[in-house]
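Engineer:
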Amino acid sequence: MTEQESTAVEGADATPADPAADGSAIDDPASMAPAPDASPEAGIRSLADRLDELTAKFDRRIATDTAHRKGLEALNLQLAWTRDQAEARSAFPLIRQLLLIVDRLDQHIGATGDAFADSVREEILGCLRVHGVTRLPWAQGTFDAAYQEAVAVVPVHEAERSRQVHGLIRHGYRHDNVLLRPQAVEVCQMTTQPAVSDV
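Straight run, no breaks: the sequence shown in the working numbering ends on number 258.
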């Protein structure tokens with residue numbers, strides 16, 4: 060037997076390789092496809108679950124967008140308020156000068172009853188009100204350091220009158236909720252000194 064014939068016989072006797080042995084076999088497409096659902100109710104439940112999931116995502120998106128919109132609106136309001144306050148504060152020095160003029164008019168009107176001076180004072184106060192500046196309301200009562208300044212003390216012998224406001228010396232003003240100037244007032248103070256009899 061020649062060498063070529065021997066090689067042919069050996070090739071014929073060899074066992075064919077198993078294609079699945081090395082993992083190279085291709086799966087059957089039919090075996091990879093999901094089995095059809097035999098229950099229509101199960102399919103409906105699956106669709107309903109999917110719809111619920113999408114609805115929940117949609118609701119979360121709406122809630123997020125609403126929160127973002129409210130946040131932007133709040134920021135815009137805060138920016139507008141800050142801008143207004145900054146503009147007002149830049150005018151505070153001028154406003155305080157005008158208030159000093161009003162103080163002098165108050166003194167003049169109180170001493171003379173000048174009607175013309177009174178009209179000028181009201182015109183200035185009207186201009187200040189347009190820009191948010193108003194007088195603090197005046198009423199006798201317990202001294203309040205939050206918006207009043209004690210510039211004079213009136214001695215009293217009755218304990219119940221102690222810390223009561225006796226009189227107004229100078230008006231106070233505010234700009235919106237910002238105190239521009241406190242009221243200058245006389246405050247009663249308890250004393251143990253004997254009262255001086257009138258002669």
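The beta-carbon is built from N, C-alpha and C at its ideal position, and this holds for glycine as well.
Can you check DSSP and say which residues form a bridge with Glu-208?
Structural biologist: For the purposes of this step, residue 208 is taken as the residue at position 149 of the sequence shown. According to DSSP, which records beta bridges pairwise, Glu-208 is partnered with Ala-243.
Engineer: Give the DSSP-derived three-state secondary structure of Thr-251 in the structure shown.
Structural biologist: The residue given as residue 251 occupies position 192 in the sequence shown. Reduced to three states, the DSSP call for Thr-251 is coil.
Engineer: Taking 8 Å as the threshold, find out whether the stretch 207-227 comes into contact with the stretch 174-187 through three or more Cβ pairs.
Structural biologist: No: fewer than three Cβ pairs fall under 8 Å.
Engineer: Are the beta-carbon atoms of Tyr-206 and Pro-152 separated by less than 8 Å?
Structural biologist: Your numbering for residue 206 matches position 147 in the sequence shown. Your numbering for residue 152 matches position 93 in the sequence shown. Contact: no.
Engineer: Here's a check: name, in chain order, each residue in its chain whose Cβ is nearer than 6 Å to the Cβ of Trp-197, leaving out the five neighbours to either side.
Structural biologist: Here residue 197 corresponds to residue number 138 of the sequence shown, with the count starting at 1. Counting only Cβ-Cβ distances below 6 Å, and skipping sequence neighbours, we find Leu-227.
Engineer: Give the straight-line distance between the Cα atoms of Glu-219 and Ala-243, rounded to the nearest whole angstrom.
Structural biologist: Against the sequence shown, residue 219 aligns to sequence position 160. Against the sequence shown, residue 243 aligns to sequence position 184. If I take the Cα positions, the gap works out to 22 Å.
Engineer: Given this structure, state the Cα-to-Cα distance separating Ala-126 from Arg-163, to the nearest angstrom.
Structural biologist: Within the sequence shown, residue 126 is the residue found at index 67, counting from 1. Within the sequence shown, residue 163 is the residue found at index 104, counting from 1. Rounded to whole angstroms, Ala-126 to Arg-163 spans 53 Å at the Cα level.
Engineer: What is the rounded straight-line gap between the Cα of Ala-94 and the Cα of Ser-105?
Structural biologist: Within the sequence shown, the letter at position 35 stands for residue 94. Within the sequence shown, the letter at position 46 stands for residue 105. Summary for Ala-94: the model assigns pLDDT 48, below 50, so the residue's position carries little reliability; its value from the coordinates is reported in the next sentence. Spanning the two alpha carbons is a distance of roughly 15 Å.
Engineer: Going by beta carbon distance, what residues of the same chain come within less than 7 Å of Leu-238, once the five residues before and after it are set aside?
Structural biologist: Mapped onto the sequence shown, residue 238 falls at position 179. Within the same chain, Leu-238 has close Cβ partners Tyr-206.
Engineer: Given a threshold of 16 other Cβ atoms within 10 Å of its Cβ, counted over all protein chains shown, does Cys-186 qualify as buried or as exposed?
Structural biologist: Taking the first residue of the sequence shown as position 1, residue 186 is located at position 127. It counts as exposed.
Engineer: Determine whether the beta carbon atoms of Tyr-232 and Val-189 lie at a separation below 8 Å.
Structural biologist: On the sequence shown, position 173 is the one that residue 232 refers to. On the sequence shown, position 130 is the one that residue 189 refers to. Contact flag unset, no.
Engineer: To the nearest angstrom, how far is the alpha carbon of Met-249 from that of Arg-222?
Structural biologist: Walking along the sequence shown from the start, residue 249 turns up at place 190. Walking along the sequence shown from the start, residue 222 turns up at place 163. Their backbone Cα atoms lie some 8 Å apart in a straight line.
Engineer: Counting C-beta neighbours from all protein chains within 10 Å, is the total for Leu-158 16 or more, i.e. buried, or is it exposed?
Structural biologist: Within the sequence shown, residue 158 is the residue found at index 99, counting from 1. So Leu-158 counts as buried.
Engineer: Quick check on DSSP: helix, strand or coil for Pro-264?
Structural biologist: No answer is possible for residue 264: the residues shown for the chain start at 60 and end at 258.
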